[in-house]
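Step one of this worksheet: look at the structure below.
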Amino acid sequence: MPQAATVNIDDLVDNQKITGFNWLLVFWCFIITLIDGYDISAAPAAGPFFVRDWHLASPAALTFPFSATNFGVLFGAPLFGWVGDRYGRKIAIILSLVVFGLFTMLVAVSNSVEHLTWARFLTGFGVGGVVSNTISLNAEMAPRRVRATFIILMFIGTTLGGIFPPIVANTLVGTYDWPIIFWIGGILPLVIAALSFFILPESIKYLSLIPSRRQEMVRLAARMGTAIGPNDVIVSASHNREKARFTDLFVGKFAVITPLMWLLFAINLMVFYFVNIWLQTIITPALIKAGGSAATAQNAGLMFQLGGSVCGLVMCRFVDKMGLRPVILLILLGIPSTAAIGYLATTPWLVWITFASGFCLLGIQFGLNATAGILYPTHVRALGVGYAFGIGRFGAFGGPALGGMLIGMNFQLEYLYLIAAAPLLISLVACIVMIFLHDTGANAPSDEVVLAH
4 MPQAATVNID DLVDNQKITG FNWLLVFWCF IITLIDGYDI SAAPAAGPFF VRDWHLASPA
64 ALTFPFSATN FGVLFGAPLF GWVGDRYGRK IAIILSLVVF GLFTMLVAVS NSVEHLTWAR
124 FLTGFGVGGV VSNTISLNAE MAPRRVRATF IILMFIGTTL GGIFPPIVAN TLVGTYDWPI
184 IFWIGGILPL VIAALSFFIL PESIKYLSLI PSRRQEMVRL AARMGTAIGP NDVIVSASHN
244 REKARFTDLF VGKFAVITPL MWLLFAINLM VFYFVNIWLQ TIITPALIKA GGSAATAQNA
304 GLMFQLGGSV CGLVMCRFVD KMGLRPVILL ILLGIPSTAA IGYLATTPWL VWITFASGFC
364 LLGIQFGLNA TAGILYPTHV RALGVGYAFG IGRFGAFGGP ALGGMLIGMN FQLEYLYLIA
424 AAPLLISLVA CIVMIFLHDT GANAPSDEVV LAH
């Protein structure tokens with residue numbers, strides 16, 4: 004009878020060689036977030052058509068439907084997070100795709116602002132589930148040495164996905180009308196959900212907690228290059244870890260760093276969604292009035308997302324090597340590039356300034372996402388990341404709401420983007436303080452925080 008060995012799942016994951024299996028997982032999660040990103044940007048791309056076809060007195064009438072998706076995410080992320088913890092990351096991702104696919108198709112048959120608001124709110128449930136569970140799956144399957152890079156690569160799908168609704172708006176809406184944006188955005192998640200049954204693996208750390216799924220874990224370990232015998236004892240830090248307490252997020256220097264991280268998430272997501280959600284809707288009338296084309300506004304939305312995708316590729320290595328320092332530079336560049344959008348809205352420079360703004364705002368978020376994943380000591384890492392993303396969603400909800408309120412007050416286009424950029428000044432100060440706290444090394448918990456190198 005073979006002698007039983009002890010297999011540490013954490014070491015198995017961290018010591019695995021990077022193979023085609025790892026790249027397939029990152030690629031498929033990239034495809035999933037690509038569809039997720041398409042859905043997030045679908046409503047902004049359709050905004051001008053809602054105003055036109057529903058004879059809305061002001062774009063401000065779209066404030067609630069434009070904010071509703073992020074409000075739904077506030078509920079969907081913890082709901083499907085619980086599903087992921089209880090039934091597995093794979094089933095939670097598949098269910099999330101089905102939910103936001105079905106309710107995105109409901110948008111396609113909407114005929115009023117009220118109907119649209121409810122459809123987008125329910126869509127947000129699925130969006131939140133996809134985000135929370137793809138992060139968990141990649142964090143639990145990627146070796147520590149490349150974990151931040153893999154998560155950033157996965158999230159580039161979100162920004163690249165945002166490129167396609169403006170393309171659909173420019174090429175297909177003239178023939179099929181605006182519902183085509185949402186028929187595509189609804190059908191694709193259902194197709195990806197079906198394929199995920201066969202392609203997407205379950206988290207091996209999750210499987211190690213479920214004795215009845217041991218054979219599945221053994222097969223998955225073999226794909227990762229490790230053989231687990233029938234009598235081997237499976238151990239993991241997560242098996243015996245004391246439950247993290249909320250107060251652990253405020254020990255030592257984290258008493259300041261944690262609130263500052265929450266502030267950075269909330270402010271950047273507020274500014275990003277302010278710009279992203281309202282861009283095409285409020286610039287289209289200005290362009291037409293100046294003798295331009297509505298297609299230019301859609302191109303500006305496309306370039307905004309493209310800029311973020313380019314920066315995501317760059318940020319992978321800079322965050323690994325320099326911590327939060329690149330984020331300071333992006334904030335310094337993001338303030339003028341975002342503020343200038345209103346002044347350049349009717350000029351040929353519009354697409355380039357929106358590219359620059361997207362490069363900075365989405366680059367900041369990529370940096371924050373990666374930093375949050377390595378910021379906290381091991382025993383409170385999941386809790387810290389969860390709260391950072393959760394608090395940040397209040398900013399994501401508030402950005403479109405603030406934009407709608409200012410549009411309803413008839414603010415000039417130039418002032419709208421000045422106001423949108425102003426909160427980044429607070430982010431600049433918060434980022435500098437966080438790095439200063441790291442450099443002084445005061446009262447840190449046992450695991451060292453990585454903010455700057």
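Using my numbering, the first residue of the sequence shown is number 4, and each one after it goes up by one. Yeah, the Cβ is synthetic: ideal placement off N, Cα and C, and Gly gets one too.
Item, Value
"Measure the C-alpha to C-alpha separation of glycine 177 and isoleucine 195 and round it to an integer number of angstroms.", "27 angstroms"
"Does the Cβ-Cβ distance between glycine 129 and phenylalanine 158 come in under 7 angstroms?", "no"
"Please report the straight-line C-alpha distance between leucine 327 and cysteine 434, rounded to a whole angstrom.", "7 angstroms"
"Do cysteine 32 and asparagine 141 have their CB atoms nearer than 7 angstroms?", "yes"
"Using the three-state DSSP reduction, which class does valine 388 fall into: helix, strand or coil?", "helix"
"Ignoring anything shorter than 4 residues or poking outside the region 275-325, list the alpha helix (DSSP H) runs there in chain order.", "297-325"
"Let me know the secondary structure DSSP gives threonine 11 once reduced to three states.", "The sequence shown places asparagine at residue 11, rather than the threonine named in the question. Three-state result, asparagine 11: strand."
"For the putative contact between leucine 290 and alanine 297, defined by C-beta atoms under 8 angstroms, what is the C-beta separation to the nearest angstrom?", "7 angstroms"
"Taking all protein chains shown into account, do 16 or more other C-beta atoms lie within 10 angstroms of the C-beta of glycine 294, making it buried, or fewer, making it exposed?", "exposed"
"With a 10 Å radius around its C-beta and 16 neighbouring C-beta atoms as the bar for buried, classify methionine 144 as buried or exposed.", "buried"
"By how many angstroms is the C-alpha of valine 76 removed from the C-alpha of arginine 226?", "34 angstroms"
"Just the Cα atoms here: how many angstroms apart are leucine 125 and isoleucine 410?", "25 angstroms"
"Can at least three beta-carbon pairs, one atom from the region 40-52 and one from the region 205-218, be found at a separation below 8 angstroms?", "no"
"Taking 7 angstroms as the threshold (C-beta atoms), are aspartate 42 and threonine 107 in contact?", "yes"
"Contact defined as beta carbons within less than 8 angstroms: I believe valine 278 pairs with threonine 341. What is the distance between those atoms, to the nearest angstrom?", "6 angstroms"
"Quick check on alanine 375: does DSSP put it in helix, strand or coil?", "helix"
"Which word fits glutamine 415, buried or exposed, when buried means at least 16 other C-beta atoms lie within 10 angstroms of its C-beta?", "exposed"
"Out of curiosity, what's the CA-to-CA distance linking glycine 345 and leucine 309?", "19 angstroms"
"What did DSSP end up calling histidine 58 once you bin it into helix, strand or coil?", "coil"
"Less than 6 angstroms between C-beta atoms, sequence neighbours within five positions excluded: which residues of the same chain meet that for methionine 462?", "Residue 462 lies beyond the residue range present for the chain, which begins at 4 and ends at 456; the question has no answer from this structure."
"With the cut-off set at 7 angstroms, would you say serine 211 and arginine 92 are in Cβ contact?", "no"
"So threonine 120 and alanine 71 are in contact, right, with Cβ under 8 angstroms, and what is the actual spacing, rounded?", "5 angstroms"
"With C-beta atoms as the reference, is leucine 421 less than 7 angstroms away from phenylalanine 268?", "no"
"Would you be able to state if there are at least three C-beta pairs under 8 angstroms between the region 360-375 and the region 329-339?", "yes"
"With a 10 Å radius around its C-beta and 16 neighbouring C-beta atoms as the bar for buried, classify valine 133 as buried or exposed.", "buried"
"Which value, in whole angstroms, describes the spacing of the CA atoms of isoleucine 170 and isoleucine 183?", "12 angstroms"
"From Lys292, Leu282 and Leu440, pick the residue whose C-alpha is nearest to that of proline 62; which is it?", "Leu282"
"Could you name each continuous alpha helix (DSSP H) segment of 4 residues or more that falls completely within the region 142-189, going from the start of the chain to the end?", "150-164, 167-174 and 176-179"
"Buried or exposed for methionine 408, please, with buried defined as at least 16 other CB atoms from any protein chain shown within 10 angstroms of its CB.", "exposed"
"Output the distance between the C-alpha atoms of alanine 455 and glutamate 117, rounded to the nearest integer angstrom.", "The pLDDT assigned to alanine 455 is 47, lower than 50, so where the model puts this residue is not dependable; a value taken from the coordinates is nonetheless given after this. Each residue's Cα considered, the two are about 47 angstroms apart."
"Give the DSSP-derived three-state secondary structure of threonine 66 in the structure shown.", "helix"
"Can you tell me where the alpha helix (DSSP H) with lysine 208 in it begins and where it stops?", "207-210"
"Identify the continuous alpha helix (DSSP H) that holds arginine 226 and give its terminal residues.", "217-226"
"Keeping to the same chain, check which residues put their C-beta closer than 7 angstroms to that of isoleucine 97; ignore five residues upstream and five downstream.", "Ala196, Ser199 and Phe200"
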